[in-house]
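Residue numbers (full-length UniProt numbering): 1 to 174.
Contents: one structure, followed by commentary.
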């Protein structure tokens, strides 16, 4: 089956993501033969993108007009959001992109339309001192502020998830 997108994780140098016509999104460690995670979206997956603010957040679009947002740090098996966005039922979504500065996703379809989707506050866990998004839009004061995102912290977060996947593999070999 055709692979439609391959993209490196901006935070973790070993991790990349793919999407394909076989209905799957896969997350890979380039040093390992098999995918670390596989997600079946029940329709051909046209595009996938990593979030610019987290090593564990990505979004994908499907041929049946749906957008899926995942945060592996919250749920390793199910999307945290699934949204139908096409006006006509048989319109395929073809592209998706996170805005690097604001909590917005842009989605393109095969008819040439572009749809802008604002991420709800629970889908945009933002760092205390981040320049990526406007904290005021989130309504987050000092009490609710989270720690600053660092490349090291994002690598550690992804490594923790990968260790959970690798440990069962090691147990099988022993």
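We put the CB at the ideal spot given by N, CA and C, even for glycine.
Counting pairs of beta carbons, one from the stretch 32 to 41 and one from the stretch 1 to 8, are three or more of them closer than 8 Å? no
Please list the terminal residues of the continuous beta strand (DSSP E) segment that includes residue 82. 81 to 84
Would you call residue 219 buried or exposed, if buried means 16 or more other Cβ atoms sit within 10 Å of its Cβ? For the chain, the structure presents residues 1 to 174; residue 219 sits outside this window and is missing.
If the criterion is Cβ atoms closer than 7 Å, does the pair residue 21 and residue 44 meet it? yes
Distance CB(residue 72)-CB(residue 56) smaller than 7 Å: yes
Residue range of the unbroken beta strand (DSSP E) whose run includes residue 40: 37 to 40
If contacts are defined as beta-carbon pairs under 8 Å, then residue 23 and residue 40 qualify, I think. What distance do you get, rounded to the angstrom? 5 Å
Figure out for me which residue from 46, 98 and 50 has the closest Cα to the Cα of residue 154. 50
What is the DSSP secondary structure of residue 118, reduced to helix, strand or coil? strand
I need the straight-line Cα distance from residue 88 to residue 115, nearest angstrom please. 13 Å
Per DSSP, residue 16 forms a beta bridge with which residues? 8 and 28
Quick test of your reading: residue 47 and residue 60, contact by CB under 8 Å. State the CB separation rounded to the nearest angstrom. 7 Å
Separation of residue 65 from residue 74, as counted between CA atoms: 24 Å
Close-in-space but distant-in-sequence residues of the same chain around residue 18 (CB under 6 Å, 5 per side omitted): 3, 6 and 26
Apart from the five residues just before and just after residue 100, which ones in its own chain have a Cβ nearer than 6 Å to its Cβ? 52
Proximity of residue 151 and residue 11 at Cβ, strictly below 7 Å: yes
What's the call for residue 13, buried or exposed, on a 16-neighbour Cβ count within 10 Å? exposed
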